[in-house]
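K.L.:
Got a structure here, written out as structure tokens. Questions coming.
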Amino acid sequence: MNVVKKLFKAREISSFLCLLAMFLLVGLVNPSFLKPQNIMLCFNGSIVYILIAVGMAFVILTGEIDCSIGAQLGLAAAVCATFLKNEAPWGVAILLALLVGLVCGTINGFGVTVLHIPSIIMTLGTNGIYRGLIYVYTQGKWVENLPAGFKGLAQTNIFGNLCWFFVMDLVIMLLVFLYLRKTRHGKRFAAVGDNEMGADLIGIPVARTKMLAFIICGAFSALGAVLYVSRVGFVTAISGNGYEMKAIAACVIGGISLSGGVGTVAGATIGGIIMASISRLLVFLKISSDYDNTITGILLIAIVVIDSLAQRRSVEKARRERLAARVTETEGGADHE
Amino acid sequence: GSKETSGGSDSSASAASGDEKLIVFVPKVTGNSFFESANDGAQEFAKKVGKFTINYDGSATAAVADQVTIINNAITQGADGIAVSSVDATGLDEVLKKAQDAGLSVVTWDSDVTADARQIMVSQGSPEILGEFLVQLSEDALKASGKDPAKDDIKYCWHYSQATVTDQNSWHDAAEKVIAEKYPNWENVAPDNYYSEQDAEKAISVGESVLTAHDDINLIICNDSTALPGQAQAAQNLGKTVKDVAITGFATPNAMKDYCTAGIVNNWGLWDTGLQGSIACYMAYYLADGNKVTIGDKIDIPEIGEVEIVNNSEITGNDSDNVDGSGVVFLPERAEFTADNMNDYDF
Amino acid sequence: MQKVETEALLKIKDIRKSFGSNEVLKGINLELNEGEVVALIGGNGAGKSTLMKIIMGIYQQDAGDLFIHGVKTDLSKSSLALANGIYLVPQEPMLFPNMTVEENIAMGFNENKIEMHKKIVDMIAHLGWDLKLDRRANTLSIAEQQLVEILKGLLRESRILIFDEPTSSLSFNEAESLFELIEDLKKKNIGIFYITHRLSEVFEIATHVAIMRDGIVSLSGAVSEFDKSHLVKALLPPGSELKTAGESTAVDYSKAKPMLELKDFSGYGFSGLNFEVYPGEILGVAGVVGAGRTEFATTIFGMDKVKGGKVLLDGEDITGMGTRKVLDKGINYVPEDRFLNGIFKIRETGWNISSAQLRNMSKIFLNKKAEKELADKYINDFRIKVTSQDQLMGSLSGGNQQKAVIARALSTNPKVVILDEPTRGIDAGARGDVYSIIGKLKQQGVAVLLISSDLEEIVELSDRAISMYQGRINHTFPKEKIDLDNLTAASFGVYEEGE
Amino acid sequence: MNNFGKTMKSKLLSWEMLLVVVLVLEIIIFGQINPRFLRINVLMGSINDFISICVISLFVTFVMITGGIDIQAGSIIGLTSITVGMLWQDKGLNIWVAAIFAIVVGLLCGLLSGFFVAYTGVQPMVVTLGGSFLYSGLALAVVNMSSSEAYEGIGGFPESFMKLSSGNVAGIPNQLIIFIALIIISYILLHKTKYGRYVFLCGVNPSASEYSGIRVKPIIMSTYGLSGMSASIAGLILTSYLGSAKSDLGATYTLPIITAVVLGGTSNTGGKGGVIGTAIAAVVIGILKFGLNMSGMPSQYLDIPVGILLIVVLTFRMTSSNPAVVAKFKKLTGKK
Ligand SMILES: Nc1ncnc2c1ncn2[C@@H]1O[C@H](COP(=O)(O)OP(=O)(O)OP(=O)(O)O)[C@@H](O)[C@H]1O
Ligand SMILES: Nc1ncnc2c1ncn2[C@@H]1O[C@H](COP(=O)(O)OP(=O)(O)OP(=O)(O)O)[C@@H](O)[C@H]1O
Ligand SMILES: [Mg+2]
Ligand SMILES: [Mg+2]
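Residue numbers (the working numbering), protein chains in the order written: chain A, 27 to 363; chain B, 49 to 395; chain C, 14 to 512; chain D, 3 to 338.
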């Protein structure tokens with residue numbers, strides 16, 4: 027009973043219900059949306075978003091933000107694709123992409139933790155820099171005609187039409203989830219975001235934890251980039267443009283608070299699936315893609331506002347109940363008169 | 049003079065000495081294979097001809113305001129000519145007029161502005177021509193999938209970048225007219241069109257959804273160079289081939305070769321963008337060099353051949369657009385790519 | 014390994030620290046031995062917390078060294094301090110707001126969950142505190158947060174424990190059980206620093222005492238060597254006298270009309286309140302933490318919903334008005350939580366003082382001249398120690414911040430002032446100043462409602478007192494009945510008439 | 003502690019001076035590289051290209067002083083632009099009436115987001131992110147309501163409207179006059195009025211502001227309204243400048259706006275800052291981009307130097323104002 031109650035209180039559950047409701051609603055209008063094959067396509071379509079949302083979750087949990095992951099993803103994808111095209115072994119290309127992500131993440135982390143630049147500013151700045159570097163690196167050209175085998179990775183399915191990358195994402199997410207919730211080391215991220223001074227007081231290395239969060243975020247964007255390359259098959263100078271905002275939106279929809287310390291990567295994953303599915307929903311609803319942004323905006327604001335109000339109400343209710351409980355029923359209390 | 053394209057002072061100095069002209073070559077958006085290959089072609093051509101240098105500079109996000117800034121900079125930087133593919137049908141008019149007043153030659157290519165704001169448009173064809181070309185591509189693709197465009201009931205839809213992009217929408221409109229006249233048996237299942245905003249991943253998502261939501265669709269026309277490979281990838285993901293659905297549109301040969309080989313796409317089209325870029329830059333140089341052109345002139349372009357200046361009304365359909373000192377140059381031809389000829393191209 | 018008996022557990026040698034141009038510690042030397050409780054006292058801003066934060070590795074000293082058992086030890090990070098068995102229970106709670114009480118305590122321990130849970134439950138039972146482990150920290154009151162912080166410290170098996178004003182918001186019982194535990198710890202040979210402003214506590218639990226003033230330790234030694242007056246003298250700057258409220262003039266109730274009147278006033282956390290306050294009267298409100306005093310005050314002030322009853326100000330019904338309206342009508346409130354509700358930390362002292370009165374001083378444009386005059390007036394009147402009114406509020410010492418908050422409340426020339434714990438956490442000198450401010454208010458005919466958990470304060474200042482117990486008024490005391498015993502008994506709900 | 007307040011203040015003053023120095027340096031250096039850069043009409047003309055950012059960042063400063071952030075201003079530009087075009091062309095309104103309508107639309111958009119921020123306690127970043135999606139989507143919806151096709155843009159505005167960006171008074175370009183007027187207005191509003199003081203106080207400590215009898219929520223909400231309104235003014239200027247109303251104008255302005263505000267000395271945690279710094283910083287960034295471009299750097303690379311400038315300047319700022327970092331550096335150098 028208690029467990030069930032707790033489950034329902036968990037933010038990711040309400041995000042999940044939101045996802046479910048969205049799918050069902052669209053299914054009501056257009057039943058072909060609910061075909062298992064299509065649901066799997068929705069999942070396949072979210073493999074990149076899930077990874078970047080999980081990476082972003084690390085940073086947001088520590089109370090910071092990373093507005094540069096779109097460009098990080100683009101840069102890592104460009105590097106990965108270039109090497110693949112030049113027939114480098116896949117492993118090398120993937121490792122180089124990861125290296126790019128790690129370096130980008132380290133630079134962000136350095137700026138935030140050592141130079142004390144507010145993360146939103148630091149990463150807005152590096153977003154411009156990394157994006158510029160993609161142009162420098164690719165000369166603005168498309169990287170295309172990648173080895174068919176590598177592209178084939180994203181088309182390797184298990185369970186019917188489900189891409190194995192999606193399963194890989196889920197496994198990664200689960201591991202990260204356990205790491206963040208169950209291990210002493212992993213709990214640090216939320217602790218730092220919850221109360222930096224308090225974390226410092228009990229010996230949690232705040233700066234190092236934040237640094238690590240940015241590096242992990244970079245690594246996840248790079249991993250996302252590898253999947254992107256495999257899934258899309260070509261990389262342009264604007265690859266990943268705007269993904270940072272989508273990842274932030276995914277995290278928020280998934281119940282991760284931007285002020286840090288609250289939320290789980292399971293939520294981020296659900297948010298990622300929602301964000302990746304919106305453009306698909308519209309096709310099935312026969313609504314013009316013009317309304318893509320409108321719907322995203324309304325959804326984002328609605329979910330967050332409703333959640334925030336509900337949260338506030340329950341806190342306020344609890345407070346009032348507790349206060350009311352203090353007051354004795356009879357006049358005078360235990361005082362003998 | 050210097051051959052550097054990056055040293056502003058060098059270029060202006062060379063402009064003053066008059067031995068080498070500086071042409072600022074503006075794409076609609078940077079990082080798009082269409083425009084990049086136009087630049088490649090133009091740069092190579094400029095090296096061969098050797099009378100002008102090309103400074104390639106564009107907006108990364110296809111923003112009008114960026115293009116205005118770039119043109120303003122071209123003026124103040126002391127460039128001699130501008131060749132621009134406009135993001136907006138009218139948004140560049142003012143600044144291009146200003147450029148002409150400042151003595152720069154103004155050429156548009158690929159995507160036009162108001163006729164009196166520029167001197168020459170180097171066009172791949174009027175919207176009508178390209179609309180018809182798209183219909184022709186569609187016919188061929190349908191035939192390859194075993195349909196008879198003239199008799200069978202055909203369900204089709206459009207998938208391109210955005211509702212706000214000028215040229216793609218004008219081609220769409222023109223093609224719709226042709227279809228309405230010629231093929232009453234075709235049915236557009238999504239008159240609002242599908243857009244993927246030049247986001248490659250979104251192109252796949254939208255592509256997959258289109259194929260699933262309309263599982264009896266026969267034809268998808270993708271007149272955008274990001275949407276076409278995305279749509280093809282989507283078909284591949286769903287295991288659909290040429291036989292199941294006809295997918296065609298505009299994209300560079302390189303972007304589509306794989307899908308053609310895999311039997312997902314039969315044919316698609318484009319024009320020689322490198323050639324278009326070269327002609328645009330040459331025309332800008334030619335005008336900047338003090339030459340005047342009038343309708344009916346034939347100009348001999350080294351390495352390329354002769355082109356003719358025709359009336360603006362050829363592309364706008366409005367006789368009122370025929371103004372002095374302004375005209376259109378058509379590209380010789382558009383190419384349709386298939387498995388047979390795609391390896392002859394590398395862009 | 015042989016232990017060197019002669020070496021102190023912790024030796025602080027010539028520690029110096031400045032913040033910008035503000036030299037806070039000018040060479041501190043101090044020793045702590047096993048089984049000692051060293052009470053650290055000193056005025057607000059003397060640098061007590063700063064010194065402790067240096068030991069804990071939260072701040073780094075500019076110069077000087079720390080020795081543990083005679084070995085020079087690097088404590089420049091809190092992880093190093095923890096590794097050396099040092100733990101600080103901070104002055105202002107630093108909990109993780111989104112974690113439960115249990116998670117908060119367990120965070121930073123290495124034991125497994127089940128063991129930890131047992132330990133926590135045992136400790137709470139031992140102390141007899143009332144604390145639910147599954148509540149989220151952001152729903153705790155300050156007092157409860159402080160309990161959690163203390164628990165965190167007690168559960169740690171440290172060699173050196175530092176308590177920074179642990180009892181400032183604890184109830185009498187809670188404090189007593191803490192003292193018992195400290196006795197236990199003493200026996201276990203743990204060294205303890207104990208910071209407090211309550212001199213009686215020094216004699217109750219400390220073995221040694223050290224007084225900090227002007228950045229140095231001005232006096233130290235075993236507690237037995239001193240008495241209270243000694244310490245008070247050492248605390249004050251040379252040549253100054255401790256001020257008291259002075260002789261208060263009795264209120265003439267026969268002619269007076271009540272200024273503030275509560276009729277069956279109920280809200281969240283309190284119920285059925287009936288009392289009145291007269292102009293020129295100080296009404297003390299006694300009670301233990303959680304009695305609902307803050308709640309009724311903030312509800313009058315328009316911060317929470319009224320459930321029933323009436324509030325009359327000068328005969329006018331102001332029940333349920335919003336804060337702005339209430340302010341306009343002539344009530345002002347000095348909040349209990351200075352940091353959360355009182356100060357604008359990163360702005361000028363002048364801005365702080367004028368913030369409530371701006372509305373009346375200026376229509377659209379700021380009247381900087383009037384603002385400056387207002388701030389200057391209060392800085393002079395209240396002897397707020399600032400370099401200029403442009404000094405940032407956050408860089409003032411606690412007592413001076415408190416005076417500025419009171420100044421803000423008085424700037425609106427209210428008819429009624431509600432002071433909620435006005436002297437919590439401020440030093441003896443500043444306390445005297447606050448008392449004389451309250452005395453002045455009384456003379457000006459302002460009705461003062463004095464909420465305090467420091468019952469001595471109520472005894473010293475009030476003309477009349479009420480006591481609250483579990484959300485209700487359980488007693489009203491005329492001047493002559495106000496004494497410590499009566500108030501204490503009533504606060505705990507065990508007062509008997511005639512006792 | 004004696005001089006703490008004063009040094010802080012003089013530091014802020016010198017911060018603005020430093021920005022001016024950077025600006026002068028930029029002009030000198032770019033003037034060396036390309037002498038045409040120094041022509042007055044060239045410099046003045048360049049303002050057109052970044053005027054929107056200047057105008058908006060002035061009022062986003064208000065938002066950031068309350069501790070918020072506004073990343074939706076860019077999409078309000080497009081919405082305003084297409085609204086004015088649609089009202090003028092399809093509804094046949096006088097262009098200036100349409101402009102006022104458009105400003106009201108911008109104000110309402112800002113207020114809507116501001117409402118959510120102030121009254122529901124959702125983080126400003128999330129609300130305005132949602133707003134940026136929503137308003138850019140609405141802009142497309144407006145296009146769909148209009149008879150013209152989205153891609154065509156709406157052009158052919160009356161001469162008087164076009165003068166907004168191309169005319170001049172006594173040789174001073176109109177848009178510069180608008181900018182200066184807005185600087186003066188925002189300066190007075192923020193630093194000389196009671197409202198401005200409230201904006202600061204709400205940013206420092208909203209709860210303490212409540213206890214001071216300040217209505218925090220309307221104040222916070224209003225700052226978003228102001229920034230929405232400034233975005234629509236920028237949208238009008240941009241529409242006039244381009245001679246064409248489009249729904250996607252301004253989509254890329256988020257980074258430069260926030261950059262200008264922060265570079266100008268406003269802290270992103272609220273309570274501190276000023277519009278003069280913002281104004282200078284916006285010009286510094288605009289001139290930097292313009293100058294680099296004139297020196298031959300292609301536009302797509304421009305974000306690299308701007309990003310680097312941002313980081314370098316902030317590093318300098320953070321290290322000089324953070325005693326802990328200074329101490330760390332001293333320690334490092336001292337040990338050597
Ligand atoms: N982080 C800081 N930055 C600047 N000044 C500081 C900082 N921390 C403390 N100070 C200043 O150092 C001085 C000593 O502060 P500290 O908190 O140590 O005093 P305290 O003795 O603990 O006073 P209290 O009894 O009020 O707690 C004060 O003047 C305070 O303003
Ligand atoms: N759940 C809560 N959320 C926010 N603030 C709270 C909550 N519970 C208590 N507080 C606030 O914490 C402060 C201290 O509360 P406490 O439990 O000491 O009760 P109190 O009514 O202040 O008791 P007293 O009789 O001592 O005034 C008060 O300002 C109270 O309003
Ligand atoms: Mg202290
Ligand atoms: Mg209280």
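The C-beta atom is built at its ideal place from N, Cα and C for all residues, glycine as well. In this text, all values refer to a predicted model and were calculated from it rather than measured experimentally.
Counting only beta-carbon atoms, is P175 (chain B) nearer than 8 angstroms to chain A?
P.N.:
As a first step, residue 175 (chain B) is located in the second sequence; it is residue number 127 there, counting from the start. With 8 angstroms as the cut-off, P175 (chain B) does not count as an interface residue toward chain A.
K.L.:
Using beta-carbon positions only, say whether N42 (chain C) and I54 (chain C) come within less than 8 angstroms of one another.
P.N.:
Position 29 of the third sequence, counting from 1, holds the residue named residue 42 (chain C). Position 41 of the third sequence, counting from 1, holds the residue named residue 54 (chain C). Not closer than 8 angstroms, so no.
K.L.:
Any contact of the region 88-98 of chain A with the region 256-274 of chain A, i.e. 3+ C-beta pairs under 8 angstroms?
P.N.:
Output reads yes: the region 256-274 of chain A touches the region 88-98 of chain A.
K.L.:
Can you list, in chain order, the residues of its chain with a C-beta nearer than 8 angstroms to that of M120 (chain C)? Leave out the 5 residues immediately preceding and following it.
P.N.:
The count along the third sequence starts at 1 and reaches residue 120 (chain C) at position 107. For M120 (chain C), where only same-chain residues beyond five positions count, the Cβ hits under 8 angstroms are F109, M112.
K.L.:
For I344 (chain C), which beta-bridge partners are listed by DSSP?
P.N.:
Taking the first residue of the third sequence as 1, we reach residue 344 (chain C) at position 331. I344 (chain C) is bridged to C:V429.
K.L.:
Thinking E362 (chain B) and K346 (chain B) are a contact (beta carbons under 8 angstroms), I'd like their distance in whole angstroms, please.
P.N.:
Translated into the one-based positions of the second sequence, residue 362 (chain B) becomes position 314. Translated into the one-based positions of the second sequence, residue 346 (chain B) becomes position 298. Not confirmed; about 15 angstroms, so no contact.
K.L.:
Let me check understanding here. Comparing Cα to Cα, which of A:V258, A:E38, A:K213, A:I160 lies closest to F176 (chain A)?
P.N.:
By one-based count along the first sequence, residue 176 (chain A) stands at place 150. Ranking the options by Cα distance to F176 (chain A), first place goes to A:V258.
K.L.:
Spell out the partners DSSP gives K203 (chain B) in its beta bridges.
P.N.:
To locate residue 203 (chain B), count along the second sequence from 1; it is residue 155. In the DSSP output, where bridge partners are listed per residue, K203 (chain B) has B:E235.
K.L.:
Quick one, what's near ligand 3 if you take every residue whose CB is closer than 6 angstroms to any heavy atom, in chain order?
P.N.:
That gives C:K61, C:S62, C:Q104, C:D177.
K.L.:
Return no unless some Cβ of chain C is closer than 8 angstroms to the Cβ of G70 (chain D).
P.N.:
Stepping through the fourth sequence from its first residue, residue 70 (chain D) is reached at position 68. Judged by the 8 angstroms Cβ criterion, G70 (chain D) is not in contact with chain C.
K.L.:
Determine the DSSP secondary structure at D10 (chain C), reduced to helix, strand or coil.
P.N.:
There is no way to answer for residue 10 (chain C), as the model of chain C reaches only from 14 to 512.
K.L.:
Within the chosen definition, does the region 29-38 of chain D reach the region 76-88 of chain D through at least 3 CB pairs nearer than 8 angstroms?
P.N.:
Counting Cβ pairs under 8 angstroms, fewer than three are found: no touch.
K.L.:
When you measure from the CB of D467 (chain C) to every non-hydrogen atom of ligand 1, does any distance come out below 7 angstroms?
P.N.:
Position 454 of the third sequence, counted from the first residue, corresponds to residue 467 (chain C). Incorrect: D467 (chain C) has no Cβ contact closer than 7 angstroms to ligand 1.
K.L.:
Given N46 (chain C), which residues of its chain have a CB within under 7 angstroms of its CB, disregarding the five upstream and five downstream residues?
P.N.:
Locating residue 46 (chain C) in the third sequence gives position 33, counting from the first residue. Closer than 7 angstroms at Cβ, skipping near neighbours: A21, L22, G204.
K.L.:
Does any CB atom of chain D fall closer than 8 angstroms to the CB of L249 (chain C)?
P.N.:
Taking the third sequence and counting its residues from 1, the one referred to as residue 249 (chain C) is at position 236. False, the Cβ-Cβ gap to chain D never drops below 8 angstroms.
K.L.:
Under 8 angstroms Cβ-Cβ, which residues of chain A neighbour M320 (chain D)?
P.N.:
By one-based count along the fourth sequence, residue 320 (chain D) stands at place 318. What M320 (chain D) touches in chain A: L141, H142, I143.
K.L.:
So if DSSP puts G280 (chain C) in a beta bridge, which residue, or which two residues, is it bridged to?
P.N.:
Against the third sequence, residue 280 (chain C) aligns to sequence position 267. G280 (chain C) is bridged to C:F283, C:V319.
K.L.:
Go ahead and pull the three-state DSSP assignment for D330 (chain C).
P.N.:
Translated into positions along the third sequence, residue 330 (chain C) becomes position 317. Correct three-state label for D330 (chain C): strand.
K.L.:
Check whether the Cβ of A47 (chain A) lies closer than 7 angstroms to any heavy atom of ligand 1, and answer yes or no.
P.N.:
Position 21 of the first sequence, counted from the start, is the residue given in the question as residue 47 (chain A). Checking the Cβ of A47 (chain A) against ligand 1 gives no.
K.L.:
Which residue wins for smallest C-alpha separation from L316 (chain D), given the options D:P126, D:S269, D:F163?
P.N.:
One-based indexing of the fourth sequence puts residue 316 (chain D) at position 314. Comparing Cα positions, the closest option is D:S269.
K.L.:
Report the three-state DSSP secondary structure of I264 (chain A) (helix, strand or coil).
P.N.:
Looking up residue 264 (chain A) in the first sequence gives position 238. DSSP places I264 (chain A) in coil when its eight states are reduced to three.
K.L.:
Output needed for V44 (chain D): all residues of its chain with C-beta closer than 8 angstroms, excluding positions within five of it in sequence on either side, in chain order.
P.N.:
Translated into the one-based positions of the fourth sequence, residue 44 (chain D) becomes position 42. Counting only Cβ-Cβ distances below 8 angstroms, and skipping sequence neighbours, we find R38.
K.L.:
Between V37 (chain C) and ligand 1, is there a pair consisting of the residue's CB and a ligand heavy atom that are separated by less than 7 angstroms?
P.N.:
By one-based count along the third sequence, residue 37 (chain C) stands at place 24. Flag set: Cβ of V37 (chain C) near ligand 1.
K.L.:
Quick check: the Cα distance between E1 (chain A) and K318 (chain C), rounded to an integer number of angstroms?
P.N.:
With chain A represented from 27 up to 363, any question about residue 1 (chain A) goes unanswered, as that position is not in the structure.
K.L.:
Would DSSP call N123 (chain C) helix, strand or coil?
P.N.:
Along the third sequence, one-based indexing puts residue 123 (chain C) at 110. Correct three-state label for N123 (chain C): coil.
K.L.:
I want to see whether chain A comes within less than 8 angstroms of K16 (chain C), judged by CB atoms only; does it?
P.N.:
On the third sequence, position 3 is the one that residue 16 (chain C) refers to. Residue placement at K16 (chain C) cannot be trusted, given a pLDDT of 47 that sits under 50; what the coordinates show is reported in the next sentence. Chain A, which has no Cβ nearer than 8 angstroms to the Cβ of K16 (chain C), makes this no.
K.L.:
Counting only runs of 4+ residues fully inside the region 95-128 of chain B, write out the alpha helix (DSSP H) ranges in chain order.
P.N.:
Counting whole runs of 4 or more residues, the region 95-128 of chain B contains the alpha helix (DSSP H) stretches 112-125.
K.L.:
Which runs of the alpha helix (DSSP H) spanning at least 4 residues fall entirely within the region 204-243 of chain D, listed in chain order?
P.N.:
Taking only runs of at least 4 residues, the alpha helix (DSSP H) segments lying wholly in the region 204-243 of chain D are 208-213.
K.L.:
What's the C-alpha gap between E342 (chain A) and L349 (chain A)?
P.N.:
As a position in the first sequence, residue 342 (chain A) is number 316, starting the count at 1. As a position in the first sequence, residue 349 (chain A) is number 323, starting the count at 1. One C-alpha to the other measures close to 10 angstroms.
K.L.:
If distances are taken between C-alpha atoms only, which option among A:K208, A:V202, A:G186, A:F310 comes closest to C243 (chain A)?
P.N.:
The sequence position of residue 243 (chain A) within the first sequence is 217, counting from 1. Among A:K208, A:V202, A:G186, A:F310, the Cα nearest to that of C243 (chain A) is on A:V202.
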